[in-house]
Each structure stands twice: as C-alpha cells, then as structure tokens.
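A short worksheet on the structure shown next.
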C-alpha cells in the first residue's frame, strides 16, 4: 500500500473539488475521472485491509468504529457519478479515514499488538 500516493491523490482531488466549488470552474473531465477511479481503488484496497484486520476483533466500541468506517466506505463507493468535481468531495475524506485506520490501528483499537496486550490483562496469569 503506497500511503504517499493515497495522500497525494486525496489532496489533489479535494483541492480540485474545492477550487471548482469556490471558483465555479469545472476541471477537465479526464482529470476528475482519473482521480475518482484512483480514489475508489484506494478506498477498496483500504477497506479490504481493514476488514481483514478487524475480522477477529472482539465486539465493542472500537470494532463498531471500524464497522461504521467500512459502511461509510461502501456508501462512498456506491455514490452515483455526477461527472463533475463534486464527485471528488467525499471519497478523499473517506480514504483519509481508512488510511489512518490502516497506519495507526491502535487509535481505533484494531492492532494485533494491542489486542494481544489486552488479552494478557485479566488472562490466566492474572487469575487468582
């Protein structure tokens, strides 16, 4: 997973959409299409990684956050294409959330290390 490319695409897409919105100038359709496709691919890949990483997570608030983020990703990918820079308003933000979940899973309590540590607390060694 190329985090730098994901960040670059997110920044470019969001800046393009914001500029289009504030200045009323629509960017070239090819540029919008390229960024929409790239971001959709990033979100799909990140959703797959996060889904696999949280599959064994214990039920609880942090797993709920991951589930909601995955639902958000699905909804962003299911949006109808407008054929304008407005297509680039939501997906970059979803990709950024998903990238943070991938790079800093401990923030969302999905890291294997944190689960292992928490599994030891209150485990057999602490009994009695």
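Residue numbers (our numbering): 4 to 131. Just so you know, even glycine gets a beta-carbon here, dropped at the ideal spot from N, CA and C. This one's a predicted model, so the numbers in the text were calculated from it and none came from an experiment.
When 12, 5, 76 and 109 are compared against residue 47, the one with the closest alpha-carbon: Position 44 of the chain shown holds residue 47. When each option's Cα is compared against that of residue 47, the closest is 76.
Following the continuous alpha helix (DSSP H) through residue 26, name the residue where it begins and the one where it ends. Numbered from its first residue, the chain shown carries residue 26 at position 23. Residue 26 -> alpha helix (DSSP H) spans 6-26.
Do residue 92 and residue 20 have their C-beta atoms closer together than 8 angstroms? Residue 92 sits at position 89 when you count from the first residue of the chain shown. Residue 20 sits at position 17 when you count from the first residue of the chain shown. Yes; because the gap between Cβ atoms is below 8 angstroms, this pair is in contact.
Going by DSSP in three states, residue 124 sits in which element: helix, strand or coil? For the purposes of this step, residue 124 is identified with residue 121 of the chain shown, where counting begins at 1. Caution applies to residue 124, whose pLDDT of 48 falls short of 50 and renders its modelled position unreliable; the value that the coordinates give is listed next. Three-state DSSP puts residue 124 in coil, outside helix and strand.
Any heavy atom of the ligand SAM closer than 7 angstroms to the CB of residue 51? Summarising the ligand content, the structure contains no ligands, and the ligand SAM is consequently not present.
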